[in-house]
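In the working numbering, the protein residues as written are 521 to 865. See below for the structure under consideration.
As C-alpha cells, this is what we get:
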C-alpha cells in the first residue's frame, strides 16, 4: 500500500534589515546579539483522499453464504463477511464505499461497507436475485430477479426498493451506462432489456441463446453480452440499440470484463476452464489462459494489469497477468465462488 509522505523541512535564520544593508554597503557591522528564531517544526501533509489507498476484490461464495475480500495489490485475503444465503452477484459502488451482494436464496441484497468489510444493511428484493450492480453515479443498485422476471431498483441512500420494472424471462446480469440507462440480460427469453434513466422498459434486443454475463465500455458506446448457450458474444451499439456483431468464442462464455481502454474483452469460458482474451476490434481470441474449474465471474483491476477470475468448482480465484496472459497466483475462497467485483479505489 502506498503511503503519503511528509515533506522535508528546510530552515534558515533571517538576516536583520540593518545587517543586510551593511553588507551591501561593504561595511562590517556586528550581528545582533539576539538569538535566531527557533526553526518551525515540519508539518506533515494530510493524505490525499482522492488517491486510491487500497483496492479490494470481493468474491461472493454461493455455497458458504459469505463474501471473501482480497487486497488486490498484495494478492492476499483480508476479510470474510457473512451475508445472506446463496450469494451470487456482487457489484462495487463507484466511490468504493460499499459493495452490494445479491443473495439468491434469501431474496435480498446485502450492503457491505468497505472501510471495515461490515454488512450494514439487507434490502428485500424479488425472487432469486442473481446480480446486484450500481448505476454509474452510485445512486441506484439494480438487482436482477431471476425468479420474478423483473429488476429491483434500490435507492442506495434510503436503502429501499423504489421501482420494480419488468424485464424478459430469467433476468441474469446488469450493465449500466453513463447516460443512466440500464441493460439486463434475460437468459430465458434470449434478449436484453434496456431500461430508461427513469427505470422504464424501453426495448428488448434479441441476442444469442441463454445470455448471461454482460459488460459495457467506460464511455458506454458498446455493450457485450455472453451467450452461454450459443458459445458466442453479442456486440450491441448503444446509439442504435442493435447488435452489430456476433463473435463465436469458446464453449460456454459466462462472466465478462473489459479493459479500461476498451481494447480487450475478458470472458470466463465455463465450459473449457479458461479465460478468453478477445480483441474488441474484430472479436478474435488472442489468448486462452487456463484457470480453475468452471470459471464464473470476471473483474478487471482499475489499472487493467490484473484480471481476477472466480472458479466455482475449485473454490479459488485466479489472478491473471493481463500483459503476459498467464496466471500469477491462485487464492482460496469460500465454497462455490461466483460473482466478483473490485473496488475502484
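Cβ atoms here follow ideal geometry from the backbone N, Cα and C, with glycine treated the same way.
From 755, 682, 698 and 842, residue whose alpha carbon lies closest to that of residue 711: Within the chain shown, residue 711 is the residue found at index 191, counting from 1. If we check each option's Cα against that of residue 711, 755 comes out closest.
Same chain only: Cβ atoms within 6 Å of residue 640, ignoring 5 sequence neighbours per side: Walking along the chain shown from the start, residue 640 turns up at place 120. Counting only Cβ-Cβ distances below 6 Å, and skipping sequence neighbours, we find 631 and 633.
Reference residue 863, options 734, 773, 821 and 602, closest by Cα: Your numbering for residue 863 matches position 343 in the chain shown. When each option's Cα is compared against that of residue 863, the closest is 821.
Distance, residue 574 Cα to residue 564 Cα: What you label residue 564 is simply residue 44 of the chain shown in a count that begins at 1. What you label residue 574 is simply residue 54 of the chain shown in a count that begins at 1. Low confidence applies to residue 564: its pLDDT is 43, below 50, so where it sits in the model is not reliable, and the reading given next is rough at best. The straight-line gap from Cα to Cα measures roughly 21 Å.
Residue of 844, 832 and 845 minimising C-alpha distance to residue 855: Within the chain shown, numbered from 1, the residue matching residue 855 stands at position 335. Ranking the options by Cα distance to residue 855, first place goes to 832.
Separation of residue 642 from residue 621, as counted between CA atoms: Start at 1 with the first residue of the chain shown, and residue 621 comes out as number 101. Start at 1 with the first residue of the chain shown, and residue 642 comes out as number 122. Between residue 621 and residue 642, the C-alpha separation is close to 9 Å.
Beta-carbon gap between residue 579 and residue 853 smaller than 7 Å: Stepping through the chain shown from its first residue, residue 579 is reached at position 59. Stepping through the chain shown from its first residue, residue 853 is reached at position 333. Yes.
Identified DSSP bridge partners for residue 767: Against the chain shown, residue 767 aligns to sequence position 247. For residue 767, which the question treats as bridged, DSSP gives the partners 753.
The region 765 to 773 touching the region 704 to 718, judged by at least three CB pairs closer than 8 Å: no
Which of helix, strand or coil DSSP assigns to residue 730: Numbered from 1 along the chain shown, position 210 holds the residue referred to as residue 730. Here residue 730 sits in coil by DSSP.
Contact check, residue 743 vs residue 695, beta carbons under 7 Å: Here residue 743 is taken as the residue at index 223 of the chain shown, counted from 1. Here residue 695 is taken as the residue at index 175 of the chain shown, counted from 1. Result yes, Cβ atoms of residue 743 and residue 695 sit closer than 7 Å.
Top-ranked residue by Cα proximity to residue 615, from 605, 648 and 660: Position 95 of the chain shown, counted from the start, is the residue given in the question as residue 615. Considering only alpha carbons, the answer is 660.
Beta-carbon gap between residue 866 and residue 861 smaller than 7 Å: For residue 866 there is no data in the structure shown, the boundaries of the chain being 521 and 865.
DSSP beta-bridge partners of residue 666: Position 146 of the chain shown, counting from 1, holds the residue named residue 666. Answer by DSSP bridge pairing: none, since residue 666 is not bridged.
Test item: CB-CB of residue 664 and residue 685 under 7 Å: As a first step, residue 664 must be located in the chain shown, where it is residue number 144. As a first step, residue 685 must be located in the chain shown, where it is residue number 165. Going by C-beta atoms, residue 664 is not nearer than 7 Å to residue 685.
Residue 787 beta carbon less than 7 Å from that of residue 746: Along the chain shown, read from residue 1 onward, the residue named residue 746 stands at position 226. Along the chain shown, read from residue 1 onward, the residue named residue 787 stands at position 267. Cβ distance < 7 Å, so residue 746 and residue 787 count as in contact.
Pairwise C-alpha distance: residue 778 and residue 785: Here residue 785 refers to the residue found at position 265 of the chain shown. Here residue 778 refers to the residue found at position 258 of the chain shown. Near 5 Å, if we compare the C-alpha coordinates of residue 778 and residue 785.
Cβ-based burial, residue 554 [other Cβ within 10 Å; buried from 16]: Indexing the chain shown from 1 puts residue 554 at position 34. Its pLDDT being 49, under 50, residue 554 is placed unreliably by the model, and nothing is read from it.
Sheet register partners of residue 747 (DSSP bridge): Looking up residue 747 in the chain shown gives position 227. Paired residues: 731 and 752.
Residue 707, buried or exposed, once every other Cβ within 10 Å from all chains shown has been counted against 16: Looking up residue 707 in the chain shown gives position 187. Within 10 angstroms of the beta-carbon of residue 707 lie 16 or more other beta-carbons, which makes it buried.
Simplified DSSP state of residue 846, which is helix, strand or coil: Translated into positions along the chain shown, residue 846 becomes position 326. Strand.
Neighbour-count burial assignment, residue 835, 16 or more Cβ in a 10 Å radius: The residue labelled residue 835 in the question sits at position 315 within the chain shown. Under this definition residue 835 is a buried residue.
With 16 other Cβ atoms within 10 Å as the buried cut-off, status of residue 576: Within the chain shown, the letter at position 56 stands for residue 576. By the 10 Å Cβ count, residue 576 comes out buried.
Assigned exposure category for residue 795 - 16 Cβ within 10 Å defines buried: For the purposes of this step, residue 795 is identified with residue 275 of the chain shown, where counting begins at 1. That one is buried.
Own chain, CB closer than 6 Å to residue 791, minus 5 neighbours either side, in chain order: Counting from 1 along the chain shown, the entry for residue 791 is found at position 271. Answer for residue 791: 771 and 772, listed in chain order.
Within 7 Å, strictly: CB atoms of residue 626 and residue 604: As a working mapping, residue 626 is identified with position 106 in the chain shown. As a working mapping, residue 604 is identified with position 84 in the chain shown. Less than 7 Å divides the Cβ of residue 626 from the Cβ of residue 604.
Residues that residue 692 bridges to, as DSSP identifies them: As a first step, residue 692 must be located in the chain shown, where it is residue number 172. BP columns for residue 692 are empty, so no partner.
Alpha-carbon to alpha-carbon, residue 725 and residue 761: Numbered from 1 along the chain shown, position 241 holds the residue referred to as residue 761. Numbered from 1 along the chain shown, position 205 holds the residue referred to as residue 725. Taking the straight line joining both Cα atoms gives about 7 Å.
Rounded separation between residue 585 and residue 807 - CA only: As a working note, residue 585 is residue 65 in the chain shown. As a working note, residue 807 is residue 287 in the chain shown. Approximately 33 Å, taken between the alpha carbons.
Burial state of residue 789 (16 or more Cβ within 10 Å): Numbered from 1 along the chain shown, position 269 holds the residue referred to as residue 789. Buried, by the Cβ-count rule.
Buried versus exposed call for residue 568 [16 or more other C-beta atoms within 10 Å across all chains shown]: Start at 1 with the first residue of the chain shown, and residue 568 comes out as number 48. Note that residue 568 has pLDDT 41, beneath the 50 cutoff, so the model's placement of it is unreliable and the number below is only indicative. By the 10 Å Cβ count, residue 568 comes out exposed.
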